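Count along the sequence shown starting at 1, add 12, and that's the number in the numbering used here.
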Amino acid sequence: MPDTIRLTTAQALVRFLASQYSERDGIEQRLIPGVWGIFGHGNVAGLGQALLQAAQIGEADLPYYLARNEQAMVHASAAFAKMKNRLQTFACTASTGPGSTNMITGAALATTNRLPVLLLPSDMFASRVPDPVLQQLEDTRAGDVSVNDAFRPVSKYFDRVSRPEQLIPAALAAMRVLTDPVETGAVTLCLPQDVQAEAFDWPVEFFRKRVWRIGRPMPEPDAVARVAALLRSAERPLIVAGGGVVYSEAEVELRAFAEATGIPVADTHAGKGAIPWDHLSAVGGLGSTGTSAANALAAQADVVLGIGTRYSDFTTASHTVFGDPDVTFANLNVARLDAAKHSAEMLLADAKTGLGALAKALHGWSVADEYRAETRRLAEEWQVAADACFNLNHGPLPAQTEILGALNDVLDDSDVVINAAGSMPGDLQMLWRARDPKAYNVEYAFSCMGYEIAAGVGTKMAAPDREVVVLVGDGSYLMLSSEIATMVSEGLKVIIVIVQNHGFASIGSLSESLGSQRFGTKYRYRDGESGLLDGDVLPVDLAANAASFGAEVIEADSVASFRAAVAQAKANDRTTVVHVETDPTGPNPPGSAWWEVPVSEVSELDSTRAARATYADHKRAQRHYL
13 MPDTIRLTTA
23 QALVRFLASQ
33 YSERDGIEQR
43 LIPGVWGIFG
53 HGNVAGLGQA
63 LLQAAQIGEA
73 DLPYYLARNE
83 QAMVHASAAF
93 AKMKNRLQTF
103 ACTASTGPGS
113 TNMITGAALA
123 TTNRLPVLLL
133 PSDMFASRVP
143 DPVLQQLEDT
153 RAGDVSVNDA
163 FRPVSKYFDR
173 VSRPEQLIPA
183 ALAAMRVLTD
193 PVETGAVTLC
203 LPQDVQAEAF
213 DWPVEFFRKR
223 VWRIGRPMPE
233 PDAVARVAAL
243 LRSAERPLIV
253 AGGGVVYSEA
263 EVELRAFAEA
273 TGIPVADTHA
283 GKGAIPWDHL
293 SAVGGLGSTG
303 TSAANALAAQ
313 ADVVLGIGTR
323 YSDFTTASHT
333 VFGDPDVTFA
343 NLNVARLDAA
353 KHSAEMLLAD
363 AKTGLGALAK
373 ALHGWSVADE
383 YRAETRRLAE
393 EWQVAADACF
403 NLNHGPLPAQ
413 TEILGALNDV
423 LDDSDVVINA
433 AGSMPGDLQM
443 LWRARDPKAY
453 NVEYAFSCMG
463 YEIAAGVGTK
473 MAAPDREVVV
483 LVGDGSYLML
493 SSEIATMVSE
503 GLKVIIVIVQ
513 NHGFASIGSL
523 SESLGSQRFG
533 TKYRYRDGES
543 GLLDGDVLPV
553 DLAANAASFG
563 AEVIEADSVA
573 SFRAAVAQAK
583 ANDRTTVVHV
593 ETDPTGPNPP
603 GSAWWEVPVS
613 EVSELDSTRA
623 ARATYADHKR
633 AQRHYL
């Protein structure tokens with residue numbers, strides 16, 4: 013057998029990726045099961061040729077998937093990785109210039125959410141002979157700079173492969189980062205277009221099967237003892253369950269721990285479903301868009317145990333939700349960055365192993381029965397309020413909360429709901445009743461408009477046996493609806509619910525609360541007299557647009573017809589869009605916490621001055637947790 017084989021850099025990369033596996037708890041799976049791509053002059057003769065050759069000759073099993081937008085294919089890959097608990101993801105290839113820079117937003121989303129994606133942006137000629145080529149940035153300060161350097165701050169690993177042999181260490185480093193729960197995120201390997209097509213004698217050993225083992229870090233016994241002692245000293249402890257619980261598949265351990273100790277469990281967006289909504293210890297979402305139950309308990313909590321959470325400002329209500337002046341934190345997290353937040357007692361470990369160790373250390377200890385009873389009373393009071401939001405009988409247009417209530421009724425526990433931006437994430441965190449840790453995919457680290465439909469593609473590919481329901485407002489839909497065509501071409505059955513309210517409902521409400529009078533948040537004609545965008549409603553037909561992609565479309569005009577439309581969509585065997593119009597002004601669920609968005613300190617507008625006074629009142633409760 014020869015020690016080397018002559019291939020182009022692109023052909024070598026395809027072979028290498030097809031041989032990479034991940035393993036956790038004895039279960040192996042392909043790490044990179046396929047490649048998303050849109051071809052242009054920067055990659056059509058490199059990775060395009062290599063993928064074609066692999067498919068036709070069968071030299072490597074690496075299927076190719078055609079996206080319609082480069083940003084969208086990164087979103088699809090991130091959603092796939094999320095559904096797969098970060099044990100698998102896709103590679104994404106794009107051409108030089110705008111094709112590659114379109115992926116930067118997706119890279120930022122993946123890294124912010126700590127989700128692995130492999131990005132292969134094409135780059136300019138490494139030889140520099142034909143410079144400047146089409147779509148090349150000429151930087152007067154350096155000759156080795158390209159637009160792809162913009163990936164550096166949003167990538168957990170970045171490299172530019174300027175010679176074929178550089179691919180060997182670069183590819184291995186990329187796999188290391190993709191499979192590291194602490195460091196994972198977007199990984200970017202820039203591939204100059206001439207290097208992609210350049211041949212090299214590759215060591216055959218480079219293409220052997222590699223299994224990247226993802227372990228479960230064990231906690232230090234002394235750290236377990238310190239956290240256990242802190243919890244034993246607490247009278248009103250609270251657990252904050254984040255995405256780390258779900259990614260480590262520690263739901264069973266969390267539920268058992270909560271049942272044994274009686275500590276109430278609040279959740280973040282990424283952690284929703286880690287404990288069933290009707291569990292005796294569940295109190296729902298925490299923070300700016302949290303439930304009254306979770307926020308009331310947080311206000312008086314003396315010890316907070318964060319598990320797999322990054323403590324975003326929405327979770328902490330901009331550092332105001334934890335009201336006890338002597339509150340102390342303990343954080344169980346695989347990442348030191350998150351474990352150290354809020355001056356916490358750190359328990360560095362996988363959520364599953366850490367919870368198991370804590371359960372043993374706390375054996376026989378529980379909160380007082382009175383605290384358990386208070387937890388249930390607050391949770392039940394919130395559910396009464398949620399039921400009221402679901403059954404408003406609002407008119408003439410239904411409220412968004414009524415649509416969510418109908419959807420929650422019609423969907424099964426295993427059906428996946430997807431959302432990312434606008435007013436729906438807040439409503440969902442308060443109201444959605446999740447029992448399954450994989451049934452709730454609300455991207456709220458980057459909260460990227462346009463994520464939703466693309467994420468529906470990736471989620472359905474990861475979980476073909478589940479019903480996948482995309483919730484999208486007209487704002488996000490108009491930004492990135494193109495992957496409906498991908499769903500149709502790939503034969504993916506996804507339900508898309510378009511909630512039409514003729515503008516940006518969330519920012520409109522926020523604008524009003526900040527004294528900015530919903531300025532610039534409505535889809536309207538420009539008024540000839542005022543000069544503002546406050547004329548008649550634009551005649552945009554989103555239902556017709558969705559149908560033009562090849563999806564079946566059902567229009568609903570009431571809560572009852574919406575409920576029937578979703579039931580019909582579930583019975584269909586192809587992508588179906590349900591279109592419904594709602595009242596952009598609410599009513600909204602009752603809020604119980606704050607989110608800091610600065611208000612103009614000086615203004616000629618009465619509305620802004622009033623909002624500034626309210627802002628100053630909230631700021632008084634804000635503090636560092638030291």
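For glycine and all other residues, C-beta sits at the position ideal for the given N, C-alpha and C. All values reported here derive from a predicted model rather than from experimental measurement.
Isoleucine 507 beta carbon less than 7 Å from that of alanine 581: Yes. Within cutoff.
Sequence-distant residues of the same chain with beta carbon closer than 7 Å to methionine 230, five excluded per side: Only Ala361 and Thr365 meet the Cβ criterion.
Beta-carbon proximity check, valine 194 vs valine 346, cutoff 7 Å: Contact: yes.
Expected contact under 8 Å - CB spacing of alanine 363 and valine 257 to nearest Å: Correct: roughly 5 Å between the Cβ atoms.
Closest by C-alpha distance to tyrosine 76, when choosing among Ser245, Thr498, Leu617 and Met461: Of the candidates Ser245, Thr498, Leu617 and Met461, the one whose C-alpha sits nearest the C-alpha of tyrosine 76 is Thr498.
Opening and closing residue of the beta strand (DSSP E) in which glutamate 40 lies: Per DSSP, glutamate 40 belongs to the beta strand (DSSP E) from 39 to 42.
Beta-carbon gap between leucine 250 and alanine 313 smaller than 7 Å: Cβ atoms of leucine 250 and alanine 313: closer than 7 Å.
CA nearest to the CA of glutamine 23, picked from Tyr33, Gln61 and Gly318: Looking at the Cα atoms, Gln61 is the closest of the given residues.
Serine 293 - DSSP class collapsed to helix/strand/coil: Coil.
Same chain, Cβ closer than 7 Å to alanine 373, five either side skipped, listed in chain order: Closer than 7 Å at the Cβ level, and outside the excluded window around alanine 373, lie Val236, Ala237 and Ala240.
Coarse secondary structure for lysine 582, derived from DSSP in three states: Lysine 582: helix per DSSP, three-state reduction.
8 Å CB neighbourhood of valine 422 in its chain, flanking five on each side removed: Answer for valine 422: Arg575, Val578, Ala579 and Lys582, listed in chain order.
Buried/exposed call for glutamate 414, threshold 16 Cβ in 10 Å: Burial is judged here by how many other beta carbons sit within 10 angstroms of a residue's own beta carbon; glutamate 414 has at least 16 and is buried.
Reduced DSSP category for serine 31 - H, G, I as helix; E, B as strand; rest coil: Coil at serine 31, not helix or strand.
Beta-carbon separation (whole angstroms), glutamate 495 vs alanine 122, contact threshold 8 Å: At roughly 16 Å, the Cβ-Cβ gap does not stay under 8 Å, so glutamate 495 and alanine 122 are not in contact.
Reduced DSSP secondary structure (H/G/I, E/B, other) of asparagine 345: The answer is strand: DSSP assigns asparagine 345 an E or B state.
Spatial distance of glutamate 644 from valine 339 (CA atoms): No information on residue 644 is available, as it lies outside the stretch 13 to 638 that the chain covers here.
Length at least 4, wholly inside the segment 377 to 428: the alpha helix (DSSP H) runs in chain order: Qualifying alpha helix (DSSP H) stretches, in chain order: 381 to 402 and 412 to 422.
Option in Asp213, Ile180 and Thr105 with minimal Cα separation from asparagine 160: For the residues Asp213, Ile180 and Thr105, the minimum Cα distance to asparagine 160 belongs to Thr105.
Distance between glutamine 65 and aspartate 448 (C-alpha atoms, nearest Å): Aspartate 448 and glutamine 65: Cα-Cα distance of roughly 41 Å.
Beta-carbon proximity list for aspartate 427, same chain, < 7 Å, skipping 5 on both sides: The residues are Ala451, Arg478, Glu479 and Val481.
Simplified DSSP assignment, three categories, for arginine 530: Arginine 530 sits in coil when the DSSP states are folded into three classes, being neither helix nor strand.
Classification of glutamine 634 by the beta-carbon crowding that lies within 10 angstroms, buried from 16 upward: With fewer than 16 other CB atoms across the displayed protein chains lying within 10 angstroms of its CB, glutamine 634 is exposed.
Chain-order list of residues whose beta-carbon lies under 6 Å from that of alanine 342 (same chain, five-residue window excluded): For alanine 342, where only same-chain residues beyond five positions count, the Cβ hits under 6 Å are Val239, Leu242, Leu317, Ala356 and Glu357.
Integer-rounded CB distance, given that tryptophan 606 should sit under 8 Å from histidine 591: Not quite, the Cβ-Cβ distance comes to about 34 Å (not below 8 Å), so this is no contact.
Residue-chain proximity (arginine 384, chain B), Cβ-Cβ < 7 Å: Here chain B cannot be found, since the structure has a single protein chain.
C-alpha gap between glutamine 10 and arginine 348, whole angstroms: The displayed coordinates of the chain run from 13 to 638. Any statement about residue 10 would go beyond what the structure contains.
Asparagine 307, buried or exposed, once every other Cβ within 10 Å from all chains shown has been counted against 16: The C-beta of asparagine 307 has 16 or more other C-beta atoms within 10 Å across all chains shown, which makes the residue buried.
Rounded separation between aspartate 143 and alanine 209 - CA only: If you draw a straight line from the Cα of aspartate 143 to the Cα of alanine 209, it comes to about 18 Å.
Euclidean distance between Cα positions of valine 571 and arginine 27: Straight-line measurement puts the Cα of arginine 27 at about 52 Å from the Cα of valine 571.
Euclidean distance between Cα positions of leucine 59 and serine 521: Approximately 46 Å between the Cα atoms of the pair.
Distance between beta carbons of alanine 119 and leucine 131, contact taken as under 8 Å: 6 Å between Cβ atoms; contact.
Beta-carbon proximity check, tryptophan 214 vs isoleucine 17, cutoff 7 Å: Yes.
Cut-off 6 Å between Cβ atoms - residues of its own chain near cysteine 202, not counting five sequence neighbours on either side: Only Pro133, Asp135, Asn160 and Arg172 meet the Cβ criterion.
Cβ-based burial, glutamine 68 [other Cβ within 10 Å; buried from 16]: Looking at its Cβ environment, which holds fewer than 16 other Cβ atoms inside 10 Å, glutamine 68 is exposed.
For valine 216 and leucine 504, the rounded distance between their alpha carbons: Cα-Cα distance, rounded: 37 Å.
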